[in-house]
Amino acid sequence: MSGKHEPLWPFGARASVLTAVAVWLGMSFLFVATRTYLDWPDDESIKLAVFIVLGMGLIPLALLLLDFAARSGVALSFKGLQIDFSRVDLTRPELTRQSLGIPDNIGVSGPIISDTTPMSIIKTLREVTSSEIVVIDLRRGEAWWVTRLLALSAGAVRAGAPTVLVFIGTRENRPRQYLGWADPKGVLESILRDKAEYRARYDKAVRIARQVVMYGQNELLPQRPDPFELHTEVGRYTGSADYAALGEAVTEQILMDQLAKMPDSLEAPPDRLTLGRLADLFGHCLSTAAVDLEWPKAKQVSALLEATSRYVALVKGGRYESMIEKGDGERLLLRELLAPRAR
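Residue numbering for the sequence shown is 0 to 342, as defined by numbering that gives the first Met the number 0.
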């Protein structure tokens, strides 16, 4: 989603004037009525009430003026305060969020062929869950498989981090072009809806993982006269201290095993995450809102204000640089609006 037009005052100049007049007239009638029947406001507070009403009526006009300033890049000043959008710098260190690059295919380029391979993937996922934003480089469409993104998004949803998955790739022979971002929950749900087999293996992995977490330590096995036997697929993991030590993270380990389980592995052949596949899977939840740092400052401000997503990408000529949270950018704009004018 590229972000629809969202100015501070979206109703036009005529509507702002009519709104101001309506506020003034409405409050005037209210004051007349309350003063006649309730003797309020009294003589001492009437002046303050009038100033408040005048200020309320001017709000639509002020928002309209700010919209104009943001789009034209002009600097406005009034009694020591200035509005100068040319000074806005969205690349300030306190604004930009650090992005973590993740290895292609979570660090394993080929199919999973043994129990030890998913373990190396889990180590990478542990590092990823300490970051807010991770970058997935699809390159020319050969670098990532949907199965690996399924494991990554499942781990992110379980751990609550990362919260943003940024997709970049090679487009028109230009590398690291920004393609969009999505939250892990939306990515996970989209993949599970795409193929029934993805959903079936994910659900099975979750069921197995719950039992592994419960019975991973022998002392937690139910005490019965006859030996208590777990299902063979559950016992495969409970019999290893490495799996038990993973805790809840064993879910992604088991998920990768299930996805690559032979002879009907879902990675042979792989479901490659090409640019077209990315659009098919996540077109409905992929935000493409971006500010190009090569644009004039006025256009940068306009793009930030018009974005409807929580995060906005910073790019240079389409090449991904970093992410900022829209709210942080808006607070920066407010500080610049009210910055003291240099003398």
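Backbone N, C-alpha and C fix where the C-beta goes; we use that ideal spot for every residue, glycine too. Nothing here was measured: the structure is a model prediction, and the numbers come from that model.
In the three-state scheme derived from DSSP, where H, G and I count as helix and E and B as strand, Gln97 is classed as coil.
In the three-state DSSP reduction, Arg170 falls in the strand class (E or B).
DSSP, read as helix, strand or coil, puts Gly179 in strand. In this structure the region 251-269 does not touch the region 43-57; the number of beta carbon pairs closer than 8 Å is below three. Annotation for Glu266: no alpha helix (DSSP H) segment contains it, and DSSP assigns it neither H nor E. In the structure shown, Leu313 falls within a strand segment according to DSSP collapsed to helix, strand and coil.
Put simply, the backbone Cα of Pro268 is about 53 Å away from that of Leu333. Rounded to the nearest angstrom, the gap between the Cα atoms of Leu29 and Ala14 is 22 Å. Under the three-state reduction of DSSP output, Glu320 falls in the strand class. Assigned with DSSP and collapsed to three states, Trp144 falls in strand. Taking the CA atoms as reference points, Ala195 sits about 14 Å from Asp263. The continuous beta strand (DSSP E) containing Asp291 extends over residues Ala289 to Asp291. If you draw a straight line from the Cα of Ile207 to the Cα of Leu191, it is about 18 Å long. In this structure Gly317 touches Tyr177 by the C-beta definition: roughly 6 Å separates them, less than 8 Å. Per DSSP, reduced to three states, the secondary structure at Asp42 is coil, with no helix or strand assignment. Exposed is the label assigned to Leu24, since fewer than 16 other Cβ atoms lie within 10 Å of its Cβ. Looking at the backbone, the Cα of Thr33 and that of Ile58 are separated by about 24 Å. DSSP places Asp136 in the uninterrupted beta strand (DSSP E) bounded by Ile132 to Asp136. The C-beta distance from Ala181 to Ser321 rounds to 17 Å, too long to fall under 8 Å, and the pair is not in contact. According to DSSP, residue pairing for Leu151 in a beta bridge does not occur. Counting along the chain, Ser301 sits inside the alpha helix (DSSP H) bounded by residues Lys296 to Glu305. In this model, Gly168 and Leu274 are separated by some 8 Å (Cα to Cα).
Counting along the chain, the unbroken alpha helix (DSSP H) around Leu274 starts and ends at Leu274 to Phe281. Separation of the CB atoms of Glu266 and Gly154 is rounded to 17 Å, and the pair is thereby denied contact status at 8 Å. In the three-state reduction of the DSSP assignment, Leu37 falls in the helix class, which pools H, G and I. Distances from the CA of Glu171 to each of Leu149, Lys184 and Arg138 were compared; the closest alpha carbon is that of Arg138. Taken through DSSP and simplified to helix, strand or coil, Val165 comes out as strand.
Annotated three-state conformation of Ser27 is helix, per DSSP. According to DSSP, residue pairing for Ser286 in a beta bridge involves Trp180. With contacts defined as CB atoms closer than 9 Å, Glu131 and Pro161 qualify as a contacting pair. Contact between Ile323 and Leu89 holds: CB atoms are separated by about 6 Å, below the 8 Å threshold.
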